[in-house]
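Here's the structure, in structure tokens; my notes come after.
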Amino acid sequence: PGESFAVTDADPGTRFMLMTGEPYRETPVFKGPFVD
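Using our numbering, read the sequence shown as starting at 247 and increasing by one per residue.
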């Protein structure tokens with residue numbers, strides 16, 4: 247797991263942003279159009 251990443255059936259010109267990191271381990275708080 248985590249050694250490869252594949253995308254299938256994407257439209258031409260589709261762009262992806264892949265982010266990785268350690269989990270915050272905090273309860274998300276929803277305050278509008280973002281997660282605090």
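By construction, the Cβ of each residue, glycine as well, lies at the ideal position given by its N, Cα and C atoms.
F276 sits away from L264, with the two beta carbons spaced by 8 Å or more. DSSP places F276 in the strand class (E or B) of the three-state scheme. In the same chain as V253, and ignoring 5 residues on each side of it, the C-beta atoms closer than 7 Å to its own belong to F262, in chain order.
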